[in-house]
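Peer 1: Supplied in structure tokens, the structure appears directly below.
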Amino acid sequence: QKEVEQDPGPLSVPEGAIVSLNCTYSNSAFQYFMWYRQYSRKGPELLMYTYSSGNKEDGRFTAQVDKSSKYISLFIRDSQPSDSATYLCAMSRGYQKVTFGIGTKLQVIP
Amino acid sequence: DAGVTQSPTHLIKTRGQQVTLRCSPKSGHDTVSWYQQALGQGPQFIFQYYEEEERQRGNFPDRFSGHQFPNYSSELNVNALLLGDSALYLCASSLATQGNEQFFGPGTRLTVL
Chain A
3 QKEVEQDPGP LSVPEGAIVS LNCTYSNSAF QYFMWYRQYS RKGPELLMYT
53 YSSGNKEDGR FTAQVDKSSK YISLFIRDSQ PSDSATYLCA MSRGYQKVTF
103 GIGTKLQVIP
Chain B
56 DAGVTQSPTH LIKTRGQQVT LRCSPKSGHD TVSWYQQALG QGPQFIFQYY
106 EEEERQRGNF PDRFSGHQFP NYSSELNVNA LLLGDSALYL CASSLATQGN
156 EQFFGPGTRL TVL
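Sequence lines, in order, name chains A and B.
Everything in the first sequence is counted per the working numbering, starting at 3 for the first residue and increasing by one.
Everything in the second sequence is counted per the working numbering, starting at 56 for the first residue and increasing by one.
Following this line, the structure appears as structure tokens:
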């Protein structure tokens, strides 16, 4: 079993839709949770960074962490074609190596 | 403010050869981590350098080695290349006190023939 599970998709949604992306994990020691966006053939770009459980909002993006269920989510409101990319969840214990999910490929259709 | 830079952008090598990839961290960052991302996969942690020493290492063989210089830049060396080493190699920089907030470079795409 992988430490971090993420559905690779692809996920296709119409422009303006609310997108929900999710990851589950098995290591209860994870404390830091991140979401990265990666465009094709580019490096990952940090979108959201959360410590422990709770919600964090930044513009159209909301990250949620539920440590009791070992489940994290990223919501994108009013999705745009420019949001089409692969979204990677990532997590770590303290200041240690970051473990990534496989990434979910998102396509927003105009 | 320059972000993380990596060189070269692309590289083609043959099996058995050796390769060196380079990374300059974001201004003000002192920690460099290297990742391997195979096609269709998430990045896999190779190792992390801080204060010119390897601080952590992932499940990669000794063929993968690195170095960090006094100016915080870093190199990744891979010896005896295998076909399976073909991947995007990503460098990420961070502050030692904020190790989880990592900023990635554009990567070096290595093809082993």
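Every residue, glycine too, gets a C-beta built ideally from N, C-alpha and C.
Counting only C-beta atoms, is G103/A closer than 9 Å to chain B at any point?
Peer 2: Closer than 9 Å: yes.
Peer 1: Quick check on the burial criterion: 16 or more other C-beta atoms within 10 angstroms. Buried or exposed for Y53/A?
Peer 2: Flag for Y53/A reads exposed.
Peer 1: Would you list the residues sitting across from A92/A in a DSSP beta bridge?
Peer 2: A92/A is bridged to M36/A, F102/A.
Peer 1: With a floor of 3 residues, list each beta strand (DSSP E) that falls wholly inside the stretch 67 to 127 of chain B, ordered by position along the chain.
Peer 2: If we require 3 residues or more, the beta strand (DSSP E) runs fully inside the stretch 67 to 127 of chain B come out as 74 to 79, 86 to 92, 99 to 105, 108 to 112, 119 to 123.
Peer 1: State the Cα-Cα distance for the pair Q33/A and K68/B, rounded to the nearest angstrom.
Peer 2: Looking at the two C-alpha atoms, the distance is approximately 39 Å.
Peer 1: Which residues in the same chain as A93/B place their Cβ atom closer than 7 Å to its Cβ, once the five residues preceding and following it in sequence are excluded?
Peer 2: Result list for A93/B: A142, in chain order.
Peer 1: For R164/B, list the residues DSSP reports as bridge partners.
Peer 2: Per DSSP, H65/B, L143/B.
Peer 1: Determine, using beta carbons only, whether Q61/B and T163/B come nearer to each other than 9 Å.
Peer 2: It is a contact, given that the beta carbons lie within the stated cut-off.
Peer 1: Quick one: Cα of Q153/B to Cα of L48/A, how far?
Peer 2: If you take the alpha carbons of Q153/B and L48/A, they lie about 13 Å apart.
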